[in-house]
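Below you'll find the structure, written out as structure tokens, and then a few comments.
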Amino acid sequence: MRPAFRMAVEDDLIRKNPFDRELATVLINDSVSREAVTPRQERLFLEFIKNDKHYSQYYKGRYILFKTGMRVSGFCGLTLSELDMKERKIHIDKQLQRTREGNYIIADTKTTCGERYLPMMDGVYQCFQKLIKKRKKQKVDPMIDGKAGFLVLDKNGMPYFALHWEKRFEYALGKYNRTYREELPKITPHVCRHTYCSNMAKSGVSPKTLQYLMGHADIATTLNVYTHLKYEDVEKEMRELEKKLSGE
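Going by my numbering, the sequence shown opens with residue 9, and the numbers climb by one from there.
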């Protein structure tokens with residue numbers, strides 16, 4: 009019964025799953041420790057989502073979160089006017105949140121450095137193109153604190169907020185782990201953010217560039233909290249440095 013009600017909630021046919029316990033809050037607790045997933049785990053999860061009959065409808069949003077590192081509330085707050093499809097730039101300047109009382113509000117970015125432009129790589133650009141094309145024209149576009157044109161809307165024409173994505177990640181991951189013997193670790197929108205940061209660090213992106221991409225006010229946050237380098241990563245970099253110094 010629970011999976012059937014779960015899908016009904018995801019498709020916005022009912023508002024609440026009677027078999028799910030109520031969440032204590034709709035805001036994400038950033039104090040919880042999160043680990044980045046490996047490139048292989050990211051690939052397996054995205055491929056599963058893309059090929060799943062039900063969850064494929066959420067593939068584009070998940071891909072964007074993995075490949076941009078933006079906060080999920082920032083992604084939910086995006087409107088059509090903040091997507092420069094000609095120059096392939098994303099303007100992050102706000103967050104969309106929903107209060108305990110069910111009110112939608114526009115909030116400032118988490119830090120003063122949170123307002124920024126992100127480049128769209130090819131895969132991200134294609135996903136945004138598809139989201140824009142799929143977006144149904146509304147008779148009356150929802151207006152929240154003077155903002156309209158939100159990118160992803162539910163059945164009632166209201167924009168998705170963080171909890172929508174949190175639950176869809178949870179349900180898809182549950183299905184994956186029930187389907188395959190090799191289970192994946194917990195994957196949430198914020199794990200996507202950690203994973204992006206780790207991938208950028210491992211690929212050689214400079215700390216200051218990475219700080220800008222992540223929107224962190226303090227570079228210590230970028231280096232100490234969001235990058236999950238393991239011994240193998242350090243060893244690989246030292247081997248490469250040794251080759252350069254020896255002239256090989």
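Each residue gets a CB set at the ideal place from its N, CA and C atoms; glycine is no exception. Keep in mind it's a predicted model, so treat the numbers as computed, not measured.
Would DSSP call residue i helix, strand or coil?
i	result
residue 203	helix
residue 91	strand
residue 194	coil
residue 238	coil
Could you please give the first and the last residue of the uninterrupted alpha helix (DSSP H) stretch that includes residue i?
i	result
residue 51	47-59
residue 78	Counting along the chain, residue 78 falls outside any alpha helix (DSSP H), and DSSP gives it neither H nor E.
residue 231	227-232
residue 219	215-222
What residues in its chain sit with their C-beta under 8 Å from that of residue i, if we drop five residues either side in the sequence?
i	result
residue 181	53, 192, 194 and 195
residue 161	143, 144, 146, 150, 167 and 168
residue 156	87, 149 and 150
residue 177	70, 195, 196 and 197
residue 64	57 and 58
residue 74	50, 54, 200, 203 and 204
Please go through the same chain and pick out, in chain order, the residues whose beta-carbon is closer than 7 Å to the beta-carbon of residue i, but skip the five residues on each side of it.
i	result
residue 224	119, 121 and 230
residue 222	77, 205, 230 and 234
residue 184	53, 56 and 192
residue 123	100, 101 and 117
residue 70	54 and 57
Looking only at its chain, what residues have a beta carbon closer than 6 Å to the beta carbon of residue i, apart from the 5 residues adjacent to it on each side?
i	result
residue 139	68 and 159
residue 190	none
residue 115	103 and 105
residue 110	none
Comparing the CB of residue i with every heavy atom of the ligand FMN, is any distance shorter than 7 Å?
i	result
residue 252	Looking at this structure, you won't find the ligand FMN or any other ligand, since it has none at all.
**Q.** 4-residue-minimum alpha helix (DSSP H) runs that sit fully inside the segment 99-173, ordered along the chain
**A.** Taking only runs of at least 4 residues, the alpha helix (DSSP H) segments lying wholly in the segment 99-173 are 130-142.
Q.
Contact between the segment 202-216 and the segment 84-104 is defined here as three or more beta-carbon pairs at a separation below 8 Å; is this criterion met?
A. Under the Cβ criterion (8 Å, minimum of three pairs), the segment 202-216 does not count as touching the segment 84-104.
Q | Touch test, the segment 189-204 against the segment 48-64, Cβ-Cβ under 8 Å, three pairs minimum | A | Counting Cβ pairs under 8 Å, three or more are found: they touch.
Q. For the 8 Å Cβ check, are there 3 or more pairs between the segment 170-185 and the segment 130-140?
A. In short, these stretches do not touch, since the Cβ pair count stays below three.
(Q) Count Cβ pairs between the segment 53-63 and the segment 144-153 that sit closer than 8 Å; are there 3 or more? (A) No, they do not touch.
Q.
Quick test of the definition: if touching needs 3 or more C-beta pairs under 8 Å, does the segment 102-111 touch the segment 66-86?
A. Segments in contact, yes.
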